[in-house]
Each structure stands twice: as C-alpha cells, then as structure tokens.
Amino acid sequence: MAAGAPRVFVSHLSGVAVFDPNGDQVGRVRDVVVMLRVGGRPPRVLGLVVEVVGRRRIFLPMTRVTGVESGQVITTGVLNMRRFEQRPTETLVLGELLDRRVRLVDTEAGESTEGNGGAGDGGEDGEEVTVLDVSMVQLPARRDWELDKVFVRRGKTGALRRKGETLTVDWSAVTGFRLAEEGQGAENLVATFEQLRPADLANVLHHLSPKRRGEVAAALDDDRLADVLEELPDDDQVEILSKLKEERAADVLEAMDPDDAADLLAELPDEEQERLLALMQPQDAAGVRRLLSYEERTAGGLMTTEPIILRPDATVADALARIRNPDLSPALAAQVYVTRPPDETPTGKYLGLVHFQRLLRDPPFTLLGSIVDTDLQPLTPETPLPSVTSFLATYNMISAPVVDAGGSLLGAVTVDDVLDHLLPEDWRETDLHGAAGPESVSREAAARDEAERGPMETADGS
56 MAAGAPRVFV
66 SHLSGVAVFD
76 PNGDQVGRVR
86 DVVVMLRVGG
96 RPPRVLGLVV
106 EVVGRRRIFL
116 PMTRVTGVES
126 GQVITTGVLN
136 MRRFEQRPTE
146 TLVLGELLDR
156 RVRLVDTEAG
166 ESTEGNGGAG
176 DGGEDGEEVT
186 VLDVSMVQLP
196 ARRDWELDKV
206 FVRRGKTGAL
216 RRKGETLTVD
226 WSAVTGFRLA
236 EEGQGAENLV
246 ATFEQLRPAD
256 LANVLHHLSP
266 KRRGEVAAAL
276 DDDRLADVLE
286 ELPDDDQVEI
296 LSKLKEERAA
306 DVLEAMDPDD
316 AADLLAELPD
326 EEQERLLALM
336 QPQDAAGVRR
346 LLSYEERTAG
356 GLMTTEPIIL
366 RPDATVADAL
376 ARIRNPDLSP
386 ALAAQVYVTR
396 PPDETPTGKY
406 LGLVHFQRLL
416 RDPPFTLLGS
426 IVDTDLQPLT
436 PETPLPSVTS
446 FLATYNMISA
456 PVVDAGGSLL
466 GAVTVDDVLD
476 HLLPEDWRET
486 DLHGAAGPES
496 VSREAAARDE
506 AERGPMETAD
516 GS
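Residue numbers for the sequence shown follow my numbering, so the first one is 56 and each next one is one higher.
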C-alpha cells in the first residue's frame, strides 16, 4: 500500500451520509459488500449497501465512489435504484464478519504461517480471537478498494496476557473467515448500530440472515428489542420471539406497547399465546388479554391501553410533566384524558380530554377539570376501522378515546396504529414511493453497474 493511501474502518462508515456531486444527500451507508479470495489475498471491496428514501437498500459500486472522507461518501452521480440482493459469492462486512471468531496465525509480520492456507481458508492452527472491526484501503492510482487490516480482541491464553487485549493485524495474519460460524454473537454489530432509531435498526435486522438476526436480537436489551420488534414485519417478529427463551420472550412482550404485544401474540398458536401470557406480569397480561378479546380492525383492537390519564383535580403543571416523558410517542403525548378514579384502564367515569395546545395556553396551577373538552364524543370499542379513520380525519385528531358502554375509558386509538392497518400488510418490505425520479435509471447505467460488480467473477478472483 502506498504511503498516505486512505484507510477507513468499516464500523465508522455505518450511517455515514452519501452525497452526489451537487452536494445533495442520496442516502446512508448500511454495510460494505466484499468478495473473499483464497490464498491469503485481501478481499476485494465490491461496493456499499446504501439505504435511500423509503428504507430501500441499493448497491453502490466502489468505482462510483470518488471520496470517503470527513464523515461522508461522495459519488460520481446517477445511482442504480434497483433493490440490493446479496449474491452467494458476496459477504457483508458488518452483517457477517463483525464478532466472528477467527484464528490469529501471525502477529509480527502480518503474514500467514506457511501451510495454514491464508485468511479465509480455515486452518486449525493459531490462537482464537474475535473480530471487532475491519479496515479497507484504496489501492494506488485506482478506484478499487480492498480489506487490509483486522482489529481483533484476544482471549486470556497466558498468565502474562491481559484478558481482552486488542490489536490490529494484517488480513493475512488471520484465518477462518470462510468457516461457517456457530454462536457468532453480535455485541460489536449492536454497538455499531447503537444510534439508529428503532425503525432503522428493524430494517437492518430484516436484511440479515435468520441466524444473524437471532444473534442480534439476543444481544439487545429487552426495551430496545421491544422497540425494534414493533417496527418489524409480522413474520420477522414471530421468528425472533420463537428463538428467545420463554421467560425472556415474556419480558420483551411486557416492554412492548400493549397493542403491539397483542398483535404479535395474535400471530402465535393459542397454546403458545396462553403460555407466554401466563409468564407475563398479571397487570401487563390483563391489558393484553383485553385487547385480544376485540376484533382486530375495530377501535378496541387498534387501541393502546396506556394513554395519559389524570384526575380532574390534577393541574396543568401535572399534565405537562406527564407529556414530557420521552418514552411517549408524539401521538400519545398530544392529549391528556381526564377520568374519575381508578386511573388505570378501564378507568372510572370518562370526563373528557385536554389537548396539549390548551395546556400551553393556561397557567400551570389551572385544574384540568375546569378546561376539559366534553364536546367530542368518544369511540366505542366496536367502532370499525373505516369509522375510526373518518373520526380522526373529521376532527383533525391524531388520537381518540375509546369508552365502553359503562362510561369507562378503555384506551386510545392513535393515528400511527390506524395507518399501520390501512397500509398493505407487507408495507415495511415494499417500495411505496413512485417510480419516477431516481427510480428511473438508464439501461446503460444498470448494465455498467452489473459489469462493475462482476457477476461472473468467482470467489478466487478468477
């Protein structure tokens, strides 16, 4: 490698913005695509997986990358917007190489020990280490890139060696990347995506292999996994939940919003559903059971049982303190429901609601009972989805109360739950934006990208 050639650690690319030559952002980097080669030869970097509008993932060839610097990637121009599909000869660095256990065969010269087959072949000699990161470097006078360094963590193998010692070695100094990995773990991959919103992390999980998806789910804490599950397609939710121990699955269901937990449990066989409900805390399970008793496409089936509920003698200051809770969605924080005790659903008599804009206009000591809006008639749990939609649209609401025949507040329907049921079932996996604009790419550009990706190239680079 020539002196001064740019080197980038791949984990630092995660989430980096991608810009066209005019300075317009076109997406963000989600992974790096490489092709492993035999004989200890460093893998060739084929391109980047870039997430564009609509959470679609496309392939950006490295030959179309003109710069990787200052926390941004610059491209040559028009992108092929066809959805990225991984090929059998391709490897995703973040998704498949991080946290992998490999063999360290030479730390001094950075070269494979004679006879071990080189990095990627899977020799049995050497110390076992864990891959924390991988760097890539641009080759001199070319736009081609290849992986060149591996950042690894050692285990404790001797009295003089500190447990968890880390070091950076040449690619050729490790071996075993080609071996199938069991129990790979996902701590470093999770750390790489730590700053992602739940919806974006859900999109990352959706594109991983089932095995890797299970490893990442196991590495997430209960609250984070609950937030991510709420954003995943139903089949991914069921797959992940089925791989968790039942006690942990129950803990994750408790951490989910009750309506989302009920939707997930509804996808399971009755026997498994009842087993998980029995493991949940009685209070959490009771709310989910109530939701499961309603038809799916009704106000009762759509609602959450945990809106903001206060008594009429609470003050505006009390209400503002509750809506400041960062764990609340904007829809739930939009208004406060005023009821007689008890304050948990199903509540005492429902009195009305106070919108947060009204809270901002009145003095902090004002009692909610004096400013409550009683004009808006609440929904019944049997109200069908089309009527719920019309209600929200007619009164410009983003959430609405659901009250039973006895006048008790059962919960609230929010606009995001309504949209979730109005969109196609596979909307999280489907491109819903129009085909105009960046979607239309010339046949010449698509063919050129195919050639640059090397569809006929074999794993040994021939």
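Even for Gly, the Cβ is constructed at its ideal location relative to N, Cα and C.
Note to self: Quick check on T185: buried or exposed, where buried means 16 or more other Cβ atoms within 10 Å of its Cβ?
What the structure shows: What you label residue 185 is simply residue 130 of the sequence shown in a count that begins at 1. Answer is buried; the Cβ neighbour count reaches 16.
Next item on the list: Would you grab the beta carbon distance between T469 and T359 for me? Rounded to a whole angstrom, and I think it's under 8 Å.
Entry: Mapped onto the sequence shown, residue 469 falls at position 414. Mapped onto the sequence shown, residue 359 falls at position 304. Confirmed, about 7 Å.
Next item on the list: Give the secondary structure of E302 by DSSP, where H, G and I count as helix, E and B as strand, and everything else as coil.
Entry: Start at 1 with the first residue of the sequence shown, and residue 302 comes out as number 247. Note: E302 maps to helix in three-state DSSP.
Notebook entry, point to check: Apart from the five residues just before and just after N451, which ones in its own chain have a Cβ nearer than 8 Å to its Cβ?
Noted result: As a working note, residue 451 is residue 396 in the sequence shown. Correct list: empty, nothing qualifies.
Notebook entry, point to check: Roughly how many angstroms separate the alpha carbons of D428 and A386, rounded to a whole number?
Noted result: Within the sequence shown, numbered from 1, the residue matching residue 428 stands at position 373. Within the sequence shown, numbered from 1, the residue matching residue 386 stands at position 331. Whole-angstrom Cα-Cα distance: 18 Å.
Notebook entry, point to check: DSSP state of S125, grouped into three classes?
Noted result: Here residue 125 is taken as the residue at index 70 of the sequence shown, counted from 1. Three-state DSSP puts S125 in coil, outside helix and strand.
Check: If we count the other Cβ atoms within 10 Å of its Cβ and call it buried at 16 or more, is Q292 buried or exposed?
Finding: The sequence position of residue 292 within the sequence shown is 237, counting from 1. The residue is buried, with at least 16 neighbouring Cβ atoms inside 10 Å.
Margin query: I believe I378 touches V393 by the beta-carbon criterion, under 8 Å. Please report the beta-carbon distance rounded to the nearest angstrom.
Written below: On the sequence shown, residue 378 is found 323 positions in, with the first residue counted as 1. On the sequence shown, residue 393 is found 338 positions in, with the first residue counted as 1. Not a contact, Cβ separation roughly 14 Å.
Margin query: So for Q80, helix, strand or coil by DSSP?
Written below: Position 25 of the sequence shown, counted from the first residue, corresponds to residue 80. DSSP places Q80 in strand when its eight states are reduced to three.
Next item on the list: Output the distance between the C-alpha atoms of R138 and V224, rounded to the nearest integer angstrom.
Entry: As a first step, residue 138 must be located in the sequence shown, where it is residue number 83. As a first step, residue 224 must be located in the sequence shown, where it is residue number 169. Cα to Cα, R138 sits roughly 35 Å from V224.
Checklist line | Three-state secondary structure (DSSP) of M311 | finding: On the sequence shown, position 256 is the one that residue 311 refers to. In this structure, M311 counts as coil in the three-state DSSP scheme.
Check: Can you tell me the Cα-Cα spacing of L408 and I453, whole angstroms?
Finding: Numbered from 1 along the sequence shown, position 353 holds the residue referred to as residue 408. Numbered from 1 along the sequence shown, position 398 holds the residue referred to as residue 453. About 13 Å.
Margin query: On the criterion of 16 or more Cβ atoms from any shown chain inside 10 Å, does T513 qualify as buried, or is it exposed?
Written below: Position 458 of the sequence shown holds residue 513. Model confidence at T513 stands at a pLDDT of 42, short of 50, so the residue's coordinates are unreliable and nothing is read from them.
Check: Grouping DSSP H, G and I as helix and E and B as strand, with all else coil, what is L539?
Finding: A question about residue 539 goes unanswered here, because the residues of the chain that appear run from 56 up to 517.
Notebook entry, point to check: Do the segment 326–344 and the segment 429–439 meet, that is, are 3 or more Cβ pairs less than 8 Å apart?
Noted result: no
Notebook entry, point to check: W200 bridges to which residues according to DSSP?
Noted result: Stepping through the sequence shown from its first residue, residue 200 is reached at position 145. Its beta-bridge partners are V100, Q193.
Margin query: Closest to L263 by C-alpha separation, out of L423, A455, Q141, L347, would be which residue?
Written below: Position 208 of the sequence shown holds residue 263. Of the listed residues, the one whose Cα sits closest to L263 is Q141.
Next item on the list: Could you tell me the distance, in whole angstroms, from the CA atom of A365 to the CA atom of F232?
Entry: Position 310 of the sequence shown, counted from the first residue, corresponds to residue 365. Position 177 of the sequence shown, counted from the first residue, corresponds to residue 232. Residue identity check: residue 365 is Leu in the sequence provided, not Ala. Computed Cα separation, rounded: 58 Å.
Next item on the list: Kindly indicate which three-state DSSP category T247 falls into: helix, strand or coil?
Entry: Translated into the one-based positions of the sequence shown, residue 247 becomes position 192. Residue state, collapsed to three classes: helix.
Checklist line | Distance between M311 and V382 (C-alpha atoms, nearest Å) | finding: The count along the sequence shown starts at 1 and reaches residue 382 at position 327. The count along the sequence shown starts at 1 and reaches residue 311 at position 256. Val is not the amino acid found at residue 382; the sequence shown has Asp there. Distance between the alpha carbons of D382 and M311 is about 11 Å.
Next item on the list: May I ask you to list the residues that DSSP assigns as paired with P116?
Entry: Residue 116 sits at position 61 when you count from the first residue of the sequence shown. DSSP output for P116 lists G102 as bridge partner(s).
Next item on the list: Find the nearest neighbour of V245 within the set L152, L234, M191, R395, judged by alpha-carbon distance.
Entry: Residue numbering aside, residue 245 sits at position 190 when the sequence shown is read from its first letter. Checked all of L152, L234, M191, R395; the closest Cα to V245 is L152.
Note to self: Could you compute how far the alpha carbon of P265 sits from the alpha carbon of L284?
What the structure shows: Numbered from 1 along the sequence shown, position 210 holds the residue referred to as residue 265. Numbered from 1 along the sequence shown, position 229 holds the residue referred to as residue 284. Near 14 Å, if we compare the C-alpha coordinates of L284 and P265.
Next item on the list: Helix, strand or coil for F411, going by three-state DSSP, please let me know.
Entry: As a first step, residue 411 must be located in the sequence shown, where it is residue number 356. Note: F411 maps to helix in three-state DSSP.
Margin query: I need the DSSP call for E326, collapsed to helix, strand or coil.
Written below: For the purposes of this step, residue 326 is identified with residue 271 of the sequence shown, where counting begins at 1. Note: E326 maps to helix in three-state DSSP.
Notebook entry, point to check: Can you give, in chain order, each stretch of the alpha helix (DSSP H) that sits fully within the segment 343–367 and has at least 4 residues?
Noted result: 354–357
Notebook entry, point to check: Between which two residues does the alpha helix (DSSP H) carrying P265 extend?
Noted result: In the sequence shown, the residue the question calls residue 265 occupies position 210. 265–274 is the extent of the alpha helix (DSSP H) around P265.
Notebook entry, point to check: Is there contact here, the segment 86–105 with the segment 201–211, by at least three beta-carbon pairs under 8 Å?
Noted result: yes
Next item on the list: Tell me, please, which residues DSSP counts as bridged to P439.
Entry: The residue given as residue 439 occupies position 384 in the sequence shown. DSSP lists T353 as partners of P439.
Next item on the list: List the endpoints of the continuous beta strand (DSSP E) containing A72.
Entry: Mapped onto the sequence shown, residue 72 falls at position 17. Element bounds for A72: 72–74.
Checklist line | Within-9 Å CB hit, D339 to chain B | finding: Looking at the structure shown, chain B is missing, and only one protein chain is on hand.
Check: From V93 to G78, what distance separates their C-alpha atoms?
Finding: Residue numbering aside, residue 93 sits at position 38 when the sequence shown is read from its first letter. Residue numbering aside, residue 78 sits at position 23 when the sequence shown is read from its first letter. About 39 Å.
Item checked: Distance, A321 Cα to P479 Cα -> The count along the sequence shown starts at 1 and reaches residue 479 at position 424. The count along the sequence shown starts at 1 and reaches residue 321 at position 266. Approximately 18 Å, taken between the alpha carbons.
Checklist line | Limits of the unbroken beta strand (DSSP E) element including R62 | finding: The residue given as residue 62 occupies position 7 in the sequence shown. Per DSSP, R62 belongs to the beta strand (DSSP E) from 62–64.
Next item on the list: Within its chain, find whatever has a CB closer than 6 Å to the CB of D315; leave out the 5 residues flanking it on each side and keep chain order.
Entry: For this step, residue 315 is matched to residue 260 along the sequence shown. Correct list, in chain order: E285.
Notebook entry, point to check: What's the C-alpha gap between I113 and V73?
Noted result: For the purposes of this step, residue 113 is taken as the residue at position 58 of the sequence shown. For the purposes of this step, residue 73 is taken as the residue at position 18 of the sequence shown. Each residue's alpha carbon lies about 12 Å from the other.
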